[in-house]
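Asker: One structure, as structure tokens, below. Some questions next.
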């Protein structure tokens, strides 16, 4: 049966093919045979029915009919609509084939299966062609069919209805619906869904899921026994946020922000650059960049989601108050009021004027229009003010009631009202202006300090029309309720409301704060804070206490900053780059530090130190006599300077400013030398234009490439700032090739015996720039060795003299070579000059004196190491000076003086100053009618009125008896009256009748002992027995001398001289 | 105490639409670096190529650095400017490149860019010259977020830099 079905299935296709085939080939035939076919079909049916009835297979009959019907419904319904006539034919054919194949199958059995198929195929193909034979064939088939009906069974195909199926399936299968589920099913009973996001929490974004899928899942979960545990409080399925992101790593959306300021561009016009101006300045923008440090002390929120009700009200109150103050400042009503006043005044004046012209009328109209306009504006402004005031009061009321209700105060705001009263005059004014405005307020007036709380507001409402206004005053003085008194719930709010927590100062506090406040870690506002907290917790205590711009720099440094700074090579290279390295400029800088000597830097450092030292001070610190133009005389002087002629014939000498020597560095001092004139310069004998040895013609001079050496020796302590005078130029005794001009005659030639012709003089003026102030220190001595009274007296004398003439020199006491202070007079004593000198000019005393002076000048000089001024000179005696063959200026002078004394001359040592040498000591000799100055350093002798004497001042004289100090007004050698016996001109140290001090002051006791020599002990005993050693005076000195005179036969005579020297006080 | 010598030249620029070009250059270093000798920045002459489009400057660079660390290795930043027939100067491109870190001679090609600006500015630039410039020139070598900046490519600056390193091996940097 199966096979048959299969075959018939195959047939379907063939039928349709055949049908088409038939249509084309046998169109004519078909049409022609239509009627015949119909009759055939009729007969066939009749026969079939008959046979079937006969076979009595009622069921079969039914099934066949249904089978036939069904078999062809699907296939033929479509095709046969067009070919109605053929339909019948095919139907029959199909039936016949069906029957036929069934018959064949049954007859031939399983073995001939293949053949039967083929047969049926062949039959099939023949169907169309042998349409005429169909009737005959059919008849045969029917016969066979009837015969085999009882051999097989035809069953209908098993089929179940879709709906039936569904209903059956629904019993076993659960399909969740995709409709949304109401919240009440998902949550426990009576629970309202809680949406955290609405409460201000920051909820992370969940992965996106389709709503339908979600609904299905929800529906499915709800069917489970404990399905509700899958839902969150919000009524959604529990789900994790997107796992790709860090849970707290939220960022605020930066898209809204403007472009990074560093990336801002500006449109620059194409500029033509000026010649010389460089673009390079703009290259590195850092030069013009300055850092602005802002210290934000606190933030005041106008609103914040964490504000409590009171704070919100407070913020509103503040805003209103600010607005009020702003309006108060503008004071528009007042302005408008003034305007109104002037306008009405103007109209009144116009009205009073009887002659109203056209123009006036026009302006009057304009006035009235303006008045009405201003009035409106005024009223409007007033209303605004009032409403503002009202809302301020309202808010304050609310705050007050809220505070009462909640039982605590969390803000410091306090509002007080001041009641203002108007002036009487204002009131009157207002009465006049009542037609302008009824509700006018004046803010001026006496302020009644009258604090009014908001609870008494009603009063103010009534007083609105009264000319009294209330001015709110905001204070932040309200006491906050202590935290412990607050309800527990609200404490957090309290902590949160603290605005500027300096959390960056103390990490511990920050943690504490974060814990207390329980800040939302998902809040993007806090994301940075959370990062910091995480970082700090992670790092523990290793947080550095400083802020570093280039972090992690230190960790990777090769060497420290100091080491790189210390590197000598680098220093040298940098110095060379800046051009400060003179010596090394063209040399190679050594590769290694060890090859560079320290010396290079030491010099530089000392100079740099000095420079930095100077630069640290202000001008008044450095300049000793810093003067600012303060007094009016100075001012006038300064102004007069502009007025006065550019150059005077006799310019006034101005005092220059002085600088201390300590503040001057190298190169600051200049020596200015001006040669004023020269006398008696020898001229060249021959007219040859070349000087001996050198050709000074231009052509030769231009070829000279020699270096010029200038040697300046600066050893002497500067006392004079200017040197000005005439000096004799040292000329060689014989000057070959030069002669003196014959015409020149020195005016002094005749009066002094010298031949001035052969002396050349030069007049120069030299000074140093800037002037250096000379620091003088006060000498103070506390130790006196002998003759304390005299020495004290000498000190007092010296200080007195210094007080009178601070610039004049005086030396009364010096230290001798043993370090004992002595009077200078002690050094003067006639001394025998060497005999050789005396023997040369036996008869010419003057020549001998010159020779002696020359001899003294040849003794080498030793410069004073110590400052002259501090009075601690050490002078050697003349004998010592000669034996050592060295001495300072004073010692030379003393020596010369002593020699002169030997000749019985009246000689004194003179202390003064010279143009050339500064402090000098000369020897003054008194001749019969004149005084002579002997310069011990050169051996030259000058008369008192010699204009070329380098001596500049005569300050002090001394000899073996006394010390004289010049108290005359003038101390230049020419002007000084040298007779030192006059007490009004010369101040004496010792009184005139003061006798030799040494004899009186020391008592000498002693005697010689003459005794025969027996042994040493007996001599010692003899000395002890004298008792000289047991002197009661302190500081007693002893002298002992022993002489042994030999006699024949070893007889010895012993002389012992014993002396004790004791001082008397 | 390592030392670096940067000796070389800015050879020239090519690929710019403008013809008369000059270049301002500068070297930026980190805090660890110390300039021992040489000048950090400079400006070349204006070169108008006669043959081809390459402008030759041959501007010498000679710098001597001492450093205490590798951070802030010298960066060369360039600004190529063009001068028009009226003698007006306008920006043609910004460029930046690191000084090479290995010793030897290096040929560097430094591409440049310039900010585009708004369409108005572009139009103005095309017709009347000038053009948008960075307000802060240090953006050229600093890594600010530049993603919002619209730029147009300029030409390329060619450099030749010789590097001499000293004492880097002493601190474990092998080169």
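Chains as they are written, first to last, in our numbering: chain A, 236 to 1300; chain B, 29 to 203.
Glycine included, C-beta positions come from ideal geometry on N, C-alpha and C.
1) Ordered along the chain, which non-local residues of its own chain (more than five positions away) have a Cβ less than 8 Å from that of residue 53 of chain B?
2) Whole angstroms is fine: what's the gap from residue 1085 of chain A's alpha carbon to residue 1175 of chain A's?
3) Please classify residue 55 of chain B: is it buried, with 16 or more other beta-carbons within 10 angstroms of its beta-carbon, or exposed?
4) Alpha carbon to alpha carbon, what distance is there between residue 126 of chain B and residue 497 of chain A?
5) Which value, in whole angstroms, describes the spacing of the CA atoms of residue 421 of chain A and residue 460 of chain A?
6) Give the single residue among A:1088, A:1110, A:1089, A:1028 whose Cα lies nearest to the Cα of residue 1050 of chain A.
7) According to DSSP, simplified to helix, strand and coil, what is residue 726 of chain A?
8) Quick one: measure Cβ to Cβ for residue 160 of chain B and residue 183 of chain B, integer angstroms, because I've assumed they're closer than 8 Å.
9) Compare the C-beta of residue 805 of chain A with all C-beta atoms of chain B and state if any pair is closer than 7 Å.
10) Ordered along the chain, which non-local residues of its own chain (more than five positions away) have a Cβ less than 6 Å from that of residue 599 of chain A?
11) Whole-angstrom Cβ separation of residue 613 of chain A and residue 571 of chain A, contact assumed at under 8 Å?
12) On the DSSP bridge assignment, give the partners of residue 38 of chain B in chain order.
13) Taking the alpha-carbon positions, what's the residue 139 of chain B to residue 168 of chain B distance?
14) Helix or strand or just coil, what does DSSP make of residue 395 of chain A?
15) In the DSSP assignment, the beta strand (DSSP E) including residue 833 of chain A goes from what residue to what residue?
16) If we cut at 7 Å on Cβ distances, does residue 110 of chain B have a partner in chain A?
17) Report the partner residues of residue 137 of chain B according to the DSSP bridge assignment.
18) Please tell me whether residue 122 of chain B has its Cβ less than 7 Å away from any Cβ of chain A.
19) Taking residue 57 of chain B as the reference, give the member of B:109, B:67, B:45 with the closest Cα.
20) If you measure from the beta carbon of residue 82 of chain B to each beta carbon in chain A, is any gap under 7 Å?
21) Report yes if the CB atom of residue 474 of chain A is closer than 7 Å to the CB atom of residue 499 of chain A, and no otherwise.
22) On a CA-only basis, which of B:41, B:48, B:61 is nearest residue 792 of chain A? Give me that one, please.
23) Taking Cβ positions only, does residue 94 of chain B come closer than 7 Å to chain A?
24) Would you list the residues sitting across from residue 69 of chain B in a DSSP beta bridge?
25) Name the residue from A:1264, A:1289, A:1239 whose alpha carbon lies nearest to the alpha carbon of residue 1328 of chain A.
26) Report the rounded CA-to-CA distance for residue 76 of chain B versus residue 111 of chain B, giving the unit in angstroms.
27) Please list the partners that residue 502 of chain A has in chain B, where partner means a Cβ-to-Cβ separation under 9 Å.
28) For chain A, check one thing: does any of its Cβ atoms lie closer than 7 Å to the Cβ of residue 97 of chain B?
29) Based on the DSSP output, what are the partners of residue 1176 of chain A in its beta bridges?
30) Using a C-beta cutoff of 7 Å, does residue 167 of chain B count as contacting chain A?
31) Name the chain A residues whose beta carbon is nearer than 7 Å to that of residue 116 of chain B?
32) With burial defined as no fewer than 16 other Cβ atoms inside 10 Å of the residue's Cβ, what is the status of residue 142 of chain B: buried or exposed?
33) If you measure from the beta carbon of residue 65 of chain B to each beta carbon in chain A, is any gap under 7 Å?
34) Rounding to the nearest angstrom, what Cα-Cα distance links residue 387 of chain A and residue 402 of chain A in this structure?
35) Residue 1135 of chain A and residue 1160 of chain A - do their beta-carbons sit closer together than 7 Å?
36) Contact check, residue 49 of chain B vs residue 79 of chain B under 8 Å by CB: the rounded distance?
Answerer: Reading it off the structure:
1) Locating residue 53 of chain B in the second chain gives position 25, counting from the first residue. The residues are 38, 69, 70, 71, 72, 87, 89, 104, 105, 106, 107.
2) The residue labelled residue 1085 of chain A in the question sits at position 850 within the first chain. The residue labelled residue 1175 of chain A in the question sits at position 940 within the first chain. Rounded to the nearest angstrom, the two C-alpha atoms are 8 Å apart.
3) For this step, residue 55 of chain B is matched to residue 27 along the second chain. The residue in question, residue 55 of chain B, is buried, as its Cβ has 16 or more Cβ neighbours within 10 Å.
4) Residue numbering aside, residue 497 of chain A sits at position 262 when the first chain is read from its first letter. Residue numbering aside, residue 126 of chain B sits at position 98 when the second chain is read from its first letter. Annotation: residue 497 of chain A to residue 126 of chain B spans about 21 Å, alpha carbon to alpha carbon.
5) Here residue 421 of chain A refers to the residue found at position 186 when the first chain is read from its first residue. Here residue 460 of chain A refers to the residue found at position 225 when the first chain is read from its first residue. If you take the alpha carbons of residue 421 of chain A and residue 460 of chain A, they lie about 12 Å apart.
6) In the first chain, the residue the question calls residue 1050 of chain A occupies position 815. By alpha-carbon distance to residue 1050 of chain A, the top candidate from A:1088, A:1110, A:1089, A:1028 is A:1110.
7) Here residue 726 of chain A refers to the residue found at position 491 of the first chain. Low confidence applies here, because residue 726 of chain A scores a pLDDT of 43, under 50, leaving its location unreliable; read the following figure in that light. In the three-state reduction of the DSSP assignment, residue 726 of chain A falls in the helix class, which pools H, G and I.
8) In the second chain, residue 160 of chain B corresponds to position 132, counting from 1. In the second chain, residue 183 of chain B corresponds to position 155, counting from 1. Contact doesn't hold; Cβ gap of about 18 Å is too wide.
9) Numbered from its first residue, the first chain carries residue 805 of chain A at position 570. Yes, contact with chain B.
10) Within the first chain, residue 599 of chain A is the residue found at index 364, counting from 1. Cβ within range, chain order: 585.
11) Taking the first chain and counting its residues from 1, one reaches residue 613 of chain A at position 378. Taking the first chain and counting its residues from 1, one reaches residue 571 of chain A at position 336. Correct: roughly 4 Å between the Cβ atoms.
12) The residue labelled residue 38 of chain B in the question sits at position 10 within the second chain. The partner list for residue 38 of chain B (beta bridge, DSSP) reads B:87, B:187.
13) Here residue 139 of chain B refers to the residue found at position 111 when the second chain is read from its first residue. Here residue 168 of chain B refers to the residue found at position 140 when the second chain is read from its first residue. Taking C-alpha positions only, residue 139 of chain B is separated from residue 168 of chain B by approximately 12 Å.
14) The sequence position of residue 395 of chain A within the first chain is 160, counting from 1. When DSSP states are grouped into helix, strand and coil, residue 395 of chain A belongs to the coil group.
15) Here residue 833 of chain A refers to the residue found at position 598 when the first chain is read from its first residue. Membership of residue 833 of chain A in any beta strand (DSSP E) is not indicated, and neither H nor E is assigned to it by DSSP.
16) Here residue 110 of chain B refers to the residue found at position 82 of the second chain. With 7 Å as the cut-off, residue 110 of chain B does not count as an interface residue toward chain A.
17) Taking the first residue of the second chain as 1, we reach residue 137 of chain B at position 109. Paired residue(s): B:186.
18) Taking the first residue of the second chain as position 1, residue 122 of chain B is located at position 94. Residue 122 of chain B does not count as touching chain A.
19) Working through the second chain from its first residue, we reach residue 57 of chain B at position 29. Looking at the Cα atoms, B:67 is the closest of the given residues.
20) Indexing the second chain from 1 puts residue 82 of chain B at position 54. The beta-carbon of residue 82 of chain B is placed no less than 7 Å from the nearest beta-carbon of chain A.
21) Stepping through the first chain from its first residue, residue 474 of chain A is reached at position 239. Stepping through the first chain from its first residue, residue 499 of chain A is reached at position 264. Cβ atoms of residue 474 of chain A and residue 499 of chain A: not closer than 7 Å.
22) Your numbering for residue 792 of chain A matches position 557 in the first chain. It is B:61.
23) For this step, residue 94 of chain B is matched to residue 66 along the second chain. Yes - at least one Cβ of chain A is within 7 Å of the one on residue 94 of chain B.
24) To locate residue 69 of chain B, count along the second chain from 1; it is residue 41. According to DSSP, which records beta bridges pairwise, residue 69 of chain B is partnered with B:54.
25) The structure shown does not extend to residue 1328 of chain A, since chain A spans only 236 to 1300, so no value can be given for it.
26) On the second chain, residue 76 of chain B is found 48 positions in, with the first residue counted as 1. On the second chain, residue 111 of chain B is found 83 positions in, with the first residue counted as 1. Approximately 9 Å, taken between the alpha carbons.
27) Residue mapping note: residue 502 of chain A aligns to position 267 of the first chain, counting from 1. In chain order: 145, 146, 148, 149, 152, 153, 158, 159, 160, 161.
28) Within the second chain, numbered from 1, the residue matching residue 97 of chain B stands at position 69. Between residue 97 of chain B and chain A, the shortest Cβ-Cβ separation is below 7 Å.
29) Sequence index remark: in the first chain, residue 1176 of chain A carries index 941 (1-based). Beta bridge pairing from DSSP links residue 1176 of chain A with A:1169.
30) Translated into positions along the second chain, residue 167 of chain B becomes position 139. At least one chain A Cβ lies under 7 Å of residue 167 of chain B.
31) Indexing the second chain from 1 puts residue 116 of chain B at position 88. Chain A residues near residue 116 of chain B: 505, 506, 507.
32) In the second chain, the residue the question calls residue 142 of chain B occupies position 114. Result: buried.
33) Counting from one through the second chain, the residue named residue 65 of chain B turns up at place 37. Proximity of residue 65 of chain B to chain A, defined by a Cβ-Cβ separation below 7 Å, is satisfied.
34) Translated into the one-based positions of the first chain, residue 387 of chain A becomes position 152. Translated into the one-based positions of the first chain, residue 402 of chain A becomes position 167. If you take the alpha carbons of residue 387 of chain A and residue 402 of chain A, they lie about 35 Å apart.
35) Taking the first residue of the first chain as 1, we reach residue 1160 of chain A at position 925. Taking the first residue of the first chain as 1, we reach residue 1135 of chain A at position 900. Yes; because the gap between Cβ atoms is below 7 Å, this pair is in contact.
36) As a first step, residue 49 of chain B must be located in the second chain, where it is residue number 21. As a first step, residue 79 of chain B must be located in the second chain, where it is residue number 51. About 15 Å separates the Cβ atoms of residue 49 of chain B and residue 79 of chain B, ruling out a contact at the 8 Å cut-off.
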